[in-house]
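Chemist: Counting from 1, one number per residue, gives the positions in the sequence shown under UniProt numbering.
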Amino acid sequence: MIQLSNIFKWYNVGGNRSFVLKDINLTISEGEFVSIMGPSGSGKSTLLHVLGLLDEPDEGSYQFLGQEVLRLKEKQRSALYKEHIGFVFQAYHLIDELTVYENIETPLIYKNLKGSERKAIVADLIDRFGIVGKKDLFPSQLSGGQQQLVGIARALATTPKLLLADEPTGNLNSKQGEEIMDLFKQLNEEDGVTIIQVTHSEKNAEYGNRIIELLDGQIVK
Ligand code: ADP
Ligand code: ADP
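(1) My guess is that L53 and Y81 are in contact by the Cβ rule of under 8 angstroms, so how many angstroms apart are they, rounded?
(2) Mapping the DSSP letters down to three states, classify G199 as helix, strand or coil.
(3) Give the range of the beta strand (DSSP E) segment to which A165 is assigned.
(4) Considering only DSSP beta bridges, list what E213 is partnered with.
(5) Quick one: what's got a C-beta closer than 8 angstroms to I109's C-beta in the same chain, skipping five residues either side?
(6) Compute the distance between the beta-carbons of L164 and S42, then report whether it is under 8 angstroms.
(7) Heavy atom of ligand 1 less than 7 angstroms from the Cβ of V88, yes or no?
(8) Counting by C-beta, which residues lie closer than 5 angstroms to a heavy atom of ligand 1, in chain order?
(9) Between the region 131-149 and the region 57-73, can you find at least three pairs of beta-carbon atoms closer than 8 angstroms?
(10) If you draw a straight line from the C-alpha of K221 to the C-alpha of I212, how long is it?
(11) Measuring CA to CA, which of R210, G14, N16, V100 is closest to V132?
(12) Determine the direct distance from the alpha carbon of I104 to that of D124, and round the result to whole angstroms.
(13) Could you have a look at Q67 and say whether DSSP puts it in helix, strand or coil?
(14) Where N209 and V88 are concerned, what is the direct C-alpha to C-alpha distance, given to the nearest angstrom?
(15) Considering L21, what are the terminal residues of the alpha helix (DSSP H) in which it resides?
(16) Could you check where the alpha helix (DSSP H) with Y207 kicks off and where it finishes?
(17) What residue range is occupied by the uninterrupted beta strand (DSSP E) comprising S5?
(18) Let me make sure I understand the geometry here. Which of S29, S5, S35 has the alpha-carbon closest to that of L21?
(19) Is S35 buried or exposed, if buried means 16 or more other CB atoms sit within 10 Å of its CB?
(20) Just confirm the distance between the C-beta atoms of P168 and H84, as a whole number of angstroms; I'd bet it's less than 8 angstroms.
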């Protein structure tokens with residue numbers, strides 16, 4: 001599904017290159033559940049954004065589902081994202097002015113789905129996530145755990161093959177975090193969704209089948 005070869009990313013700081021990713025080589029197969037760990041500033045978020053087509057490396061090759069991503073035009077890359085990728089953010093990134101229902105519906109509008117199709121998909125997700133009673137509330141009226149559920153439901157609306165999550169339980173209490181991890185495990189095992197998460201928690205990392213450790217922009221383990 002994913003093959004990163006010799007990926008470099010840097011920023012120019014005072015005329016020098018400051019490397020964020022240094023010669024990353026990584027293969028991830030469909031059906032895996034991978035956790036990325038490492039100290040703050042080691043490049044975890046940047047790597048996840050590169051994997052999710054939200055950030056471009058400066059050098060290297062990224063084959064995603066058989067396509068060389070770095071050769072695609074912006075429009076093609078965005079189409080590939082909409083078709084196959086769901087992204088869950090640590091701080092939820094919900095749209096404050098939209099209700100729970102409307103937040104989950106957003107990626108389906110971007111995908112140009114008909115109203116009736118959108119309605120069926122959103123209703124299913126709201127039911128599955130047990131947030132029927134919350135569908136007309138705004139994000140500010142929900143607890144952190146509930147907001148993250150909405151963020152995950154939104155990421156899943158397009159039935160992505162690949163779910164990427166940047167510290168999805170970082171702002172949650174341990175019970176809420178465990179519920180999210182159980183949900184990820186179920187999505188991975190029962191629905192076959194490939195998952196890559198960034199986490200600081202050893203316990204959360206162990207829900208996956210593989211742990212990748214970053215240090216100073218390099219995979220060290
Ligand atoms: P992590 O997720 O492991 O905390 P990040 O991927 O967020 O790491 O960041 C990796 C490094 O990249 C950090 O040292 C950060 O300071 C640096 N960085 C991120 N964005 C920029 C930028 N726009 N300019 C310069 N350095 C940056
Ligand atoms: P949790 O224990 O999951 O963090 P909270 O104690 O924050 O949950 O919230 C419990 C209930 O209160 C939830 O059902 C949520 O919808 C509701 N709630 C939380 N914050 C607000 C708010 N600012 N306004 C209205 N309802 C809220």
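C-beta: ideal position from N, C-alpha, C; glycine also. Here the structure is a predicted model, which is why all the values come from computation and not from measurement.
Modeler: Considering the structure as presented:
(1) 5 angstroms
(2) Here the sequence assigns Thr to residue 199, which means Gly is not the residue at that position. Note: T199 maps to coil in three-state DSSP.
(3) 162-166
(4) M37
(5) R118
(6) no
(7) no
(8) Y11, V20, S40, G41, S42, G43, K44, S45, T46
(9) no
(10) 6 angstroms
(11) V100
(12) 11 angstroms
(13) strand
(14) 19 angstroms
(15) From DSSP, L21 is part of no alpha helix (DSSP H) but of the beta strand (DSSP E) over 16-28.
(16) Run containing Y207: none; DSSP gives neither H nor E here.
(17) 2-13
(18) S5
(19) buried
(20) At roughly 19 angstroms, the Cβ-Cβ gap does not stay under 8 angstroms, so P168 and H84 are not in contact.
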